[in-house]
């Protein structure tokens, strides 16, 4: 879905273009050429302004060339402005920037016109690091060798440059008009981008090398922007709470509303943030892989060939499904799995324990070396000409993920003395959030039993949050506020947590009072 | 004379060294490694702190190496601090810096211990640009070709590196402990150092490329400091009022006292600043060359071989003199010339018009193709075995300089509605200031007829002012205040000025009431 910036943003871009006619020098007004420009900038509210000493000749020459009519490009650096460029004369140039959603699976690029706060183009590409590990832990292990770490960084930067250049070409724009790049990614991806070893991120006590990056020259990473373009990487709060989540919060405006909201981003981990304008609490846990479709035998990402929607006929137990890309089925993605398990449960195929009901006689329930399994798609319907089965083992793995998710939601909500009922908004972010059907999530006991209108799937809020920093520099204050405000809770594995988890392994839960809307089918009760 | 820092400076160096034991990370305190250091720095008053993104790996590794005991080096950047270096463990390292008096003839280097506010070593070398022009105007013309401009810059930087390395070697210090270089020079020299074309400086309306330089990495100029050492160039106020004068003001504390003071720096130009803590007015004029010894036939700089003191026996008119370095005479420097002219006048050799009295019969007064001349040193006393003469032509040139100086002083003082009597302090800065005898200056009508105790010759106040910025960063506020406060007056050549100048061409002046202490010798009246 196309990126839409929130309506409440201010039109105060990270990079400003200012045309100015300077009073020509005279004996009575004999300050230096560059000081003359800086004086004018100050009168327009830009102060203090710094400039790169190596560029003084170039910048000052433009002032003379334009006979004291100049167009200055200024980059925001939190505590000062940087004079990025000076053009001779009055120039109506575009001020472009890229916002990047640096995901571990896919990367979303957005080309923006900063002056108009407009998205000009968007494009998404796979994260090229996938070659060295689908999941991020494999990449972290791979990166232990310094040359591998450098390789992972180079893969990212090459993909950045390639994609950015292609998008610019398609739009007929020049890289010299790109003055800023804002990037949001999880903590590990941010480390990879910066060439930092993320080794300590995945071992207790889970410490990143750095959370808060300064705004710095994009040229430091050899990005193909204007030579003095800026790069801004959204800060992390912790190893499992990265700039991507900060971007989510910004895009949703979680930190600006009185309403109590919860935001869940399911990626490799499930990351959760809960709060409102006054406080924010966050945690993360390993709920993701199975939900993302990464662990289950025939699981896959939500790409063409993946079954993303499933319904099961209550009478004949026959499945009907939708395949992304409309071709034959190759596997099943997270939202498909949730549908499938929910439908299997609601049609009585699964018991509350998540076992396939032995009493059912159906050609769709077959025996395998892994025990009984349900045929989601048969040989004629799959790409590889094999039955697409879901076994009890697959289901067991999946239930652990859904139980982990529900446990995390329970623990974090209870931690602040609240109940699910208190939540006015439940945002589901990430690729997952675009596909998941909350009703199905409730039926399997993964999501709390809230009114359906409470749930809201989000588009690319990560890209959106990054884009917001480009078009509205007051967002930096929001970011600072959010980072200060957030209490990040590391979920210690303890008895309470394990009890919660075990109860959530059932469908929908051992305590049916928690899911009043879910009517457990009678067949499974038998 | 050795550099002495004023007693009123604060011990708040531009670069700070801070040893810190960070709390080790835990699940409850899981911020990033570098953020952990930054948090500790903030608790110690250093905020905001930026760090170079390319150094994150290195800086963070030191924190782990030191097991969270670290020594941080922080550089002051006016609106933020820069994390220059992190050493593992507690390190008692020196924090060194160089202060440089970037003169057009000589360059003074001072190696300082910033923590102790101590000058460790000092060394002075000729400005290597002299090869391409003794006077600065020749160099400006030479620099019109870009490659010559680059050559002039390289000459300076090579000399900087050579001198700094030699001084460090002699002191057994390492360049990696040099974290800052502060440089004060006139506007043209600052331009040369930065590789900026000073062409506009010497033509109306006399506009420098830039007056205010940001603090920037010394590595930008390839100076042999710590790789992330800082470079600070004192700002200029105008083309003829450079960072050297700002340094003078700082060193003298002109801007901090209630007393009305005047400060004169005689170099290529005579630069004058007048004022107190409430206001400052400045101007400059071409009074210098002859006073510096640069134009008179046998004139020379105050280097070995130069006659710097002269007395003349009132009876036999025989000169006695002092030669710098105690060898034979090679020429005569500025202070020697002032003495000589004053003594010639007081002994009746010169008329009030500055002509050699024809009536005098003396073997010391000889005829030359340039007219009559006085023998200051004879063939036996000079290096080249030739008489060292001063001719009427020389004297005429010199009188123009002294008249220009007196005119400037008159005009600037009158401009603010004051009289010389109002001046409580009269500082004479520059190499010249160390040698000039105010009594002699008064006798020739170059300096106003004030009580001698009003006059104070200064040492290397330029180097001192630069050094002050290294050991006391609050000086940056002083600099900002001075730059804002100073009214720089461009002296327009007009009728009033020309009349003043013509009157001042006489010895001591056409109006003897201005010099009541100077008793004009009767012989010259005859």
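Residue numbers (the working numbering), protein chains in the order written: chain A, 1 to 526; chain B, 1001 to 1526. The beta carbon of each residue, even a glycine, is placed where N, CA and C say it ideally should be. It should be emphasised that the depicted structure is a prediction, and the values quoted were computed from it without experimental measurement.
* Asked: Where does residue 485 of chain A sit, in a helix, a strand or coil, going by DSSP?
  -> Reduced to three states, the DSSP call for residue 485 of chain A is helix.
* Out of curiosity, what's the CA-to-CA distance linking residue 1171 of chain B and residue 244 of chain A? -> Spanning the two alpha carbons is a distance of roughly 52 Å.
* Please report the residue range of the alpha helix (DSSP H) in which residue 1439 of chain B lies. => Per DSSP, residue 1439 of chain B belongs to the alpha helix (DSSP H) from 1438–1443.
* To do: Determine the extent of the beta strand (DSSP E) in which residue 153 of chain A is found, giving its start and end residues.
  => No beta strand (DSSP E) contains residue 153 of chain A, which is instead part of the alpha helix (DSSP H) from 146–171.
* Cβ shell of residue 1327 of chain B (< 8 Å), same chain only, five flanking positions each side left out -> Excluding sequence neighbours, residue 1327 of chain B sits near 1304, 1305 and 1383.
* By the criterion of Cβ-Cβ separation under 7 Å, what are the contact partners of residue 1208 of chain B in chain A? -> Proximity of chain A to residue 1208 of chain B at the Cβ level (cut-off 7 Å) is accounted for by 32, in chain order.
* To do: Closer than 7 Å by C-beta to residue 507 of chain A: which residues in its own chain qualify, once you throw out the five before and the five after it? Chain order, please.
  => Within the same chain, residue 507 of chain A has close Cβ partners 345, 350, 352, 354, 444 and 445.
* Considering only residues of the same chain and omitting the five flanking positions on each side of residue 1066 of chain B, which have a CB-CB separation below 7 Å? -> Taken in chain order, the residues that qualify are 1088 and 1089.
* For residue 1142 of chain B, does the three-state DSSP call read helix, strand or coil? -> It is helical.
* **Residues bridged to residue 1081 of chain B [DSSP beta-bridge criterion]** => Per DSSP, the beta bridge partners of residue 1081 of chain B are B:1049 and B:1076.
* **Top-ranked residue by Cα proximity to residue 206 of chain A, from A:491, A:498 and A:232** => If we check each option's Cα against that of residue 206 of chain A, A:491 comes out closest.
* So the beta strand (DSSP E) residue 1285 of chain B belongs to, where does it begin and stop? -> Counting along the chain, the beta strand (DSSP E) containing residue 1285 of chain B begins and ends at 1280–1285.
* 6 Å CB neighbourhood of residue 1193 of chain B in its chain, flanking five on each side removed -> Cβ within range, chain order: 1156.
* **Any C-beta of chain A under 8 Å from that of residue 1403 of chain B** => Taking a beta-carbon distance threshold of 8 Å, residue 1403 of chain B does not count as an interface residue toward chain A.
* Asked: Does DSSP classify residue 217 of chain A as helix, strand or coil?
  -> Here residue 217 of chain A sits in strand by DSSP.
* Asked: Is any beta-carbon of chain B found at less than 8 Å from that of residue 238 of chain A?
  -> Chain B contact via Cβ: present.
* Option in A:475, A:140, A:308 and A:425 with minimal Cα separation from residue 258 of chain A -> It is A:425.
* Asked: Quick one: does residue 220 of chain A have its CB under 8 Å from some CB of chain B?
  -> Yes, residue 220 of chain A counts as interfacial toward chain B.
* Asked: Closer than 8 Å, Cβ to any Cβ of chain A: which residues of the stretch 1045–1063 of chain B, in chain order?
  -> So the close ones are 1048, 1050, 1051, 1052, 1053, 1054, 1056, 1057 and 1060.
* Should residue 103 of chain A be counted as a contact of the ligand ADP given a C-beta to heavy atom distance under 7 Å? -> Looking at this structure, you won't find the ligand ADP or any other ligand, since it has none at all.
* Measuring alpha carbon to alpha carbon, tell me which of B:1447, B:1241, B:1117 and B:1359 ends up nearest residue 1505 of chain B. => Distances from the CA of residue 1505 of chain B to each of B:1447, B:1241, B:1117 and B:1359 were compared; the closest alpha carbon is that of B:1447.
* To do: Let me know if residue 379 of chain A comes out buried or exposed under the rule of 16 or more other beta-carbons within 10 Å of its beta-carbon.
  => Per the 10 Å Cβ criterion, exposed.
* residue 14 of chain A versus residue 1078 of chain B - alpha carbon distance -> Whole-angstrom Cα-Cα distance: 22 Å.
* To do: Quick one: residues in its chain with C-beta nearer than 7 Å to the C-beta of residue 59 of chain A, no 5 flanking neighbours on either side, listed in chain order?
  => Around residue 59 of chain A: 34, 51, 83 and 86.
* Any residues in the stretch 1174–1196 of chain B with a beta carbon nearer than 8 Å to a beta carbon of chain A? Which ones, in chain order? -> So the close ones are 1194, 1195 and 1196.
* Per-residue DSSP class, three states only, for residue 401 of chain A -> For residue 401 of chain A, the three-state secondary structure derived from DSSP is helix.
* Of the residues that make up the stretch 1002–1027 of chain B, which ones have a beta carbon closer than 8 Å to any beta carbon in chain A? -> Residues of the stretch 1002–1027 of chain B with a C-beta atom less than 8 Å from some C-beta of chain A are 1025, 1026 and 1027, listed in chain order.
* Since residue 80 of chain A meets chain B, which of its residues come closer than 7 Å, beta carbon to beta carbon? -> Think of a sphere of 7 Å around the beta carbon of residue 80 of chain A: the chain B residues whose beta carbon falls inside it are 1079, in chain order.
* Since residue 1511 of chain B meets chain A, which of its residues come closer than 8 Å, beta carbon to beta carbon? -> Here the premise fails: no neighbours, minimum Cβ distance about 29 Å.
* To do: Spell out whether any CB of chain B is found under 8 Å from the CB atom of residue 216 of chain A.
  => Yes, contact with chain B.
* With C-beta atoms as the reference, is residue 1102 of chain B less than 8 Å away from residue 1184 of chain B? -> With a cutoff of 8 Å on beta-carbon distance, residue 1102 of chain B and residue 1184 of chain B are scored as near each other.
* To do: Could you list which residues in chain A have their beta carbon closer than 7 Å to that of residue 1035 of chain B, in chain order?
  => Against residue 1035 of chain B, the close residues of chain A are 210, 211 and 212, in the order they occur along the chain (beta-carbon pairs closer than 7 Å).
* Classify residue 1162 of chain B as buried or exposed, calling it buried when 16 or more other Cβ atoms lie within 10 Å of its own Cβ. => For residue 1162 of chain B, the number of other beta carbons within 10 angstroms of its own is below 16, and it is reported as exposed.
* Interface residues of chain B around residue 205 of chain A at Cβ under 7 Å? -> Per Cβ cutoff of 7 Å: 1025, 1026, 1027 and 1030.
* Nearest neighbour of residue 1453 of chain B, chosen from B:1464, B:1427 and B:1310 [CA to CA] -> In terms of Cα proximity to residue 1453 of chain B, the closest of B:1464, B:1427 and B:1310 is B:1427.
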